[in-house]
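Here the protein sequences come in this chain order: P and B. Just so you know, my numbering puts 52 at position 52 of the first sequence, and the rest follows in order with no gaps. Just so you know, my numbering puts 1024 at position 24 of the second sequence, and the rest follows in order with no gaps. Cβ atoms here follow ideal geometry from the backbone N, Cα and C, with glycine treated the same way.
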Amino acid sequence: RAAQGRACGNLGNTHYLLGSFVEATAFHKERLAIAKEFGDKAAERRAYSNLGNAHIFLGRFDVAAEYYKKTLQLSRQLKDQAVEAQACYSLGNTYTLLQDHERAAEYHLRHLLIAQELADRVGEGRACWSLGNAYVSMGSPAQALTFAKKHLEISQEIGDRS
Amino acid sequence: GQRLHLMQVDSVQRWMEDLKLMTECE
């Protein structure tokens, strides 16, 4: 049964990389069910991330957000800050797709704080870029400028010309 | 409006491009 779980996860990932998101979702749901049977929280967390990602490409941003929230919840339980940061970034982008810029900014800010804690300059730069955009969308150009400046500073530091 | 819209789309699009190849492996 444990091997079946891993096989389902791998099949889900393969379908995903082939762009077959409906099939990917079915396998990741099966993987999730088996992870729950075993109480395997790490595998459960991976399944939620994979399900969130697949739903983005199915255009079901609302469903993706719910899966990413489960990922976030489990990453905190598992004390995995890198995954927590990634979940916040995914949620920020998903709420941008849902045109909810306030909530997008909340998650991008959470991502920024964790990236700073982890001294992840690339993550910090991306968070600042996203926050600049979110504040522009919310009609707060002064705050947007602060983050755009920070984004420029980090991009120069890490040599990202684009 | 158009310029701001493009800026917004750009950062999400970059994320989605990365996401296409992002799988959590077993």
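Same chain, Cβ closer than 7 Å to residue i, neighbours up to 5 away in sequence not counted
i	result
S155 of chain P	G125
S137 of chain P	H101
Y61 of chain P	The displayed chain sequence assigns Phe, not Tyr, to residue 61 of chain P. Cβ neighbours of F61 of chain P beyond the five flanking positions: T94, L97 and L98.
Y68 of chain P	G52, A87, S90, L91 and T94
Expected contact under 8 Å - CB spacing of residue i and residue j to nearest Å
i	j	result
C1022 of chain B	N93 of chain P	A small correction: the amino acid at residue 1022 of chain B is Met; Cys does not occupy that position in the sequence shown. About 12 Å; that fails the 8 Å criterion.
E37 of chain P	Q81 of chain P	Actually they do not touch by this definition, with Cβ atoms about 28 Å apart.
E1026 of chain B	N10 of chain P	6 Å
I56 of chain P	A64 of chain P	5 Å
A24 of chain P	G12 of chain P	5 Å
L74 of chain P	K41 of chain P	6 Å
First and last residue of the uninterrupted alpha helix (DSSP H) at residue i
i	result
A119 of chain P	Taken as a continuous stretch (DSSP letters only), A119 of chain P belongs to no alpha helix (DSSP H), as it is neither H nor E.
T146 of chain P	P141 to I158
A79 of chain P	Ala is not the amino acid found at residue 79 of chain P; the sequence shown has Lys there. Segment: none, K79 of chain P is in no alpha helix (DSSP H) and carries neither H nor E.
L11 of chain P	A2 to L17
G52 of chain P	K41 to F57
E23 of chain P	F21 to F38
Cβ neighbours of residue i in the same chain (closer than 8 Å, five flanking residues each side left out)
i	result
C88 of chain P	L72, Y107, H108, R110, H111 and I114
Short CB-CB distance (under 9 Å) between residue i and chain P
i	result
E1024 of chain B	yes
is_contact[residue i, chain B] using C-beta, thresh 9 Å
i	result
S20 of chain P	no
R6 of chain P	yes
Y89 of chain P	yes
L118 of chain P	no
R110 of chain P	no
G9 of chain P	yes
L152 of chain P	no
Y68 of chain P	no
S155 of chain P	no
Y107 of chain P	no
S130 of chain P	yes
T146 of chain P	no
T25 of chain P	no
L172 of chain P	Limits of chain P in this structure are 1 at one end and 162 at the other, which puts residue 172 of chain P out of reach.
L97 of chain P	yes
R161 of chain P	no
R121 of chain P	no
R1 of chain P	no
R76 of chain P	no
Same chain, Cβ closer than 6 Å to residue i, neighbours up to 5 away in sequence not counted
i	result
A26 of chain P	none
T96 of chain P	A104
S130 of chain P	G92 and H108
Next item on the list: Compile a chain-ordered list of the residues in the segment 34-61 of chain P whose CB is closer than 7 Å to at least one CB of chain B.
Entry: Result list: R46, S49, N50, N53 and I56.
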